[in-house]
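K.L.:
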Amino acid sequence: MERYRDGDTIVALASGALPSGVAVIRLSGPAAWVAGAMVFPKLVGADVRRVVWGKMLAGDEEVDAGLAMGFRAPASFTGEDVVELHCHGGRAVVRRVLDELCGMDDVRLALAGEFTRRAVLNGKLDLTAAEGLADLIGADTEAQRRQALRQLDGALGERFESWRSRILSLLAQVEAAIDFPDEELEVLAEPALAAGMRGVLADLQAAEAEQAGVRLRDGLQLAIVGRPNAGKSTLLNVLSGQELAITSPTAGTTRDVVRGMLEVGGYPLLVADTAGLRETEDKVEAEGVRRAKAVAARAEVIVLVQDAGAPLDEDLLQLLVAGRSLVVLSKADLVGDKRGWWQRMVGGEVEDFGNVVEVGGVEYPAVAVDLTAEGARGRVLAALQPLVEQVAGGASEAALLTRERHRVAVREAIAALGRALIRLGR
């Protein structure tokens, strides 16, 4: 496997997949300007950070015409000399320019992530900011974009640096207490040290307990559950805008978990349509029911789809979790005179019915809807969004832990501070 060689000048396509209207080819390293000028002669004598138009050459042959600009170290993305060539995004054009540059003695093709690696090594980004950049590129929703941008701007790095500074200050106090045992300074006393440790420990424990960052980056798990033929698969198709699940009047059509992606209020949701919950002798369907219950147990948001004309039962009620569940009362257009159960639970006529369902003294948000009618998607999403925002809990705040690496570092610091407090007898 090829290794990074940090002294080389590297080149690669820095823009998106080809073909495209415009492609950006980036050079970074000590020979960036010289190599760039071999392909783009008008770079010779060009001002730094000034866009220049001209021809791109491979030897004496014109390959394309486009733009170029150069940056001098350390005022560039990588902290090195950088040249960017903007050409047309045809595969043949880009291939010819890259071949010409890589044929030069001092230039090689960049490895994956090597521009960002050099930015980290040269102090232009810390590792958390580099991770934020990767998340920004991969962001699918507005909430993901905002969080990734905060991390790229240094919010998470500053949070870790604050913890590090406080721990180093405590370490300095410990070392001073060892070196100067006869000094009766309050700051060096064990109670003061213990109080400082407990303060940092409490902040780290609160951060480690946060799930908002992971939920925001990876998506919240949403399970659609209910009895067979209640409308679960129809709901998944309506929400996703695609025919992800097979729908049929025959009960038990869905026998395994069907998954889809959804954005609600800027938050990503991983939606699982599960098999209908019922007792069955069919081994395949029984396995689907088992998987459905397992998915529901892991889900952070539960959507219970209930036929508005059928009674609720204890098995379904046990799946509801306060603050994390929405009841979708499907087939509301067919209720007719079969409305006794929901009238007892909610009260009112059908036009008033469906905002809240009360079960065992706990109120759950609900929406009564004909899932096949126009506007059904908007009504369900309007009911779902406040719940998602509540469950995401703090995902709009800055400096969230978004990766397992962050959590491991925090857990190790928690363990070390815990051991130190035990040694102090505190």
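Numbering (the numbering used here), first residue to last: 12 to 437. C-beta atoms are modelled at their ideal positions from N, C-alpha and C, and glycine is treated no differently.
Might you give, ordered along the chain, the residues of its own chain that have their beta carbon closer than 8 Å to the beta carbon of Ala-333, omitting 5 neighbours on each side?
P.N.:
Val-373, Tyr-375
K.L.:
Counting only C-beta atoms, is Leu-392 closer than 7 Å to chain C at any point?
P.N.:
Annotation note: the requested chain C is absent from the structure, which comprises a single protein chain.
K.L.:
When burial is assigned at 16 or more other CB atoms within 10 Å of the CB, is Thr-383 buried or exposed?
P.N.:
exposed
K.L.:
Who pairs with Met-80 in a beta bridge, going by DSSP?
P.N.:
Glu-95
K.L.:
Decide yes or no for the touch test of the region 158 to 167 against the region 132 to 149: beta carbon pairs closer than 8 Å, at least 3 of them.
P.N.:
Contact check between the region 158 to 167 and the region 132 to 149: three or more CB pairs, one atom from each, fall below 8 Å, which counts as touching.
K.L.:
Okay, do the region 221 to 237 and the region 409 to 422 touch, 3+ Cβ pairs below 8 Å being the bar?
P.N.:
Result yes; three or more Cβ-Cβ pairs closer than 8 Å.
K.L.:
Can you look up Arg-414 in the DSSP assignment and give me helix, strand or coil?
P.N.:
coil
K.L.:
Among Glu-274, Tyr-278, Ala-307, which has the Cα closest to the Cα of Asp-284?
P.N.:
Ala-307
K.L.:
Residue range of the beta strand (DSSP E) that Gly-237 falls in?
P.N.:
Per DSSP, Gly-237 belongs to the beta strand (DSSP E) from 231 to 237.
K.L.:
Just tell me which of Glu-125, Leu-273, Gln-232 has its CA closest to the CA of Leu-247.
P.N.:
When each option's Cα is compared against that of Leu-247, the closest is Leu-273.
K.L.:
Measure the CB-CB distance between Ala-34 and Val-105 and report whether it falls below 7 Å.
P.N.:
yes
K.L.:
If you run the structure through DSSP and keep just helix, strand and coil, what is Leu-65?
P.N.:
Per the sequence presented here, residue 65 reads as Gly, with Leu not at that position. If DSSP states are grouped into helix, strand and coil, Gly-65 belongs with the strands.
K.L.:
Using a Cβ-Cβ cutoff of less than 6 Å, which residues in the same chain neighbour Ala-424 once the five nearest sequence positions on both sides are dropped?
P.N.:
Leu-215
K.L.:
Locate the alpha helix (DSSP H) running through Glu-385, then write down its first and last residues.
P.N.:
It is not in any alpha helix (DSSP H) - Glu-385 carries neither H nor E in the DSSP assignment.
K.L.:
Label Trp-64 either buried or exposed according to how many other C-beta atoms from any shown protein chain fall within 10 Å of its C-beta, with 16 as the threshold for buried.
P.N.:
exposed
K.L.:
Give a yes or no on contact between the region 28 to 44 and the region 90 to 106, applying the rule of three or more CB pairs nearer than 8 Å.
P.N.:
yes
K.L.:
Give me the Cα-Cα distance between Leu-182 and Arg-416, rounded to the nearest whole angstrom.
P.N.:
24 Å
K.L.:
On the criterion of 16 or more Cβ atoms from any shown chain inside 10 Å, does Pro-322 qualify as buried, or is it exposed?
P.N.:
exposed
K.L.:
Report the CB separation of Ala-310 from Leu-233 in whole angstroms; it is logged as a contact under 8 Å.
P.N.:
Ala-310 to Leu-233, Cβ: 6 Å. Contact.
K.L.:
Taking the C-alpha atoms as reference points, what is the distance between Ile-21 and Arg-170?
P.N.:
33 Å
K.L.:
Please determine, among Thr-139, Val-399, Val-378, the residue with the shortest C-alpha to C-alpha distance to Arg-390.
P.N.:
Checked all of Thr-139, Val-399, Val-378; the closest Cα to Arg-390 is Val-378.
K.L.:
Which partner residues does Pro-376 have in the DSSP bridge list?
P.N.:
Val-367
K.L.:
Have a look at Thr-279 and Gly-230 and give me their C-alpha separation to the nearest angstrom.
P.N.:
Note that residue 279 corresponds to Pro in the displayed sequence, not to Thr. Linking Pro-279 to Gly-230 through their CA atoms gives a straight-line distance of about 5 Å.
K.L.:
Do the region 97 to 113 and the region 24 to 34 make contact, defined as three or more Cβ pairs closer than 8 Å?
P.N.:
yes
K.L.:
How is Arg-119 classed by DSSP in three states: helix, strand or coil?
P.N.:
Strand, per DSSP.
K.L.:
Under the three-state reduction of DSSP, which class applies to Gln-222: helix, strand or coil?
P.N.:
coil
K.L.:
Please state whether DSSP places Arg-37 in a helix, a strand or coil.
P.N.:
strand
K.L.:
Pick from Val-368, Arg-175, Thr-139: whose alpha carbon is nearest that of Gln-162?
P.N.:
That would be Thr-139, whose Cα lies nearest to the Cα of Gln-162.
K.L.:
Comparing alpha-carbon positions, which option in Val-249, Ala-387, Leu-327, Glu-201 lies nearest Ala-431?
P.N.:
Glu-201
K.L.:
Give the DSSP-derived three-state secondary structure of Gly-27 in the structure shown.
P.N.:
coil
K.L.:
Assign Arg-60 to one of three DSSP states: helix, strand, or coil.
P.N.:
coil
K.L.:
With DSSP as the reference, label Ser-336 as helix, strand or coil.
P.N.:
Ser-336 carries a strand assignment under DSSP once its states are collapsed to helix, strand and coil.
K.L.:
In this structure, what does DSSP give as the bridge partners for Arg-129?
P.N.:
Within the DSSP bridge table, the entry for Arg-129 names no partner.
K.L.:
Could you give the distance in angstroms between the alpha-carbon of Ile-398 and the alpha-carbon of Lys-243?
P.N.:
Checking the sequence, you will find Leu at residue 398 rather than Ile. The alpha-carbon atoms of Leu-398 and Lys-243 are separated by roughly 19 Å.
K.L.:
Helix, strand or coil for Val-55, going by three-state DSSP, please let me know.
P.N.:
coil
K.L.:
Could you tell me the distance, in whole angstroms, from the CA atom of Val-59 to the CA atom of Phe-88?
P.N.:
14 Å
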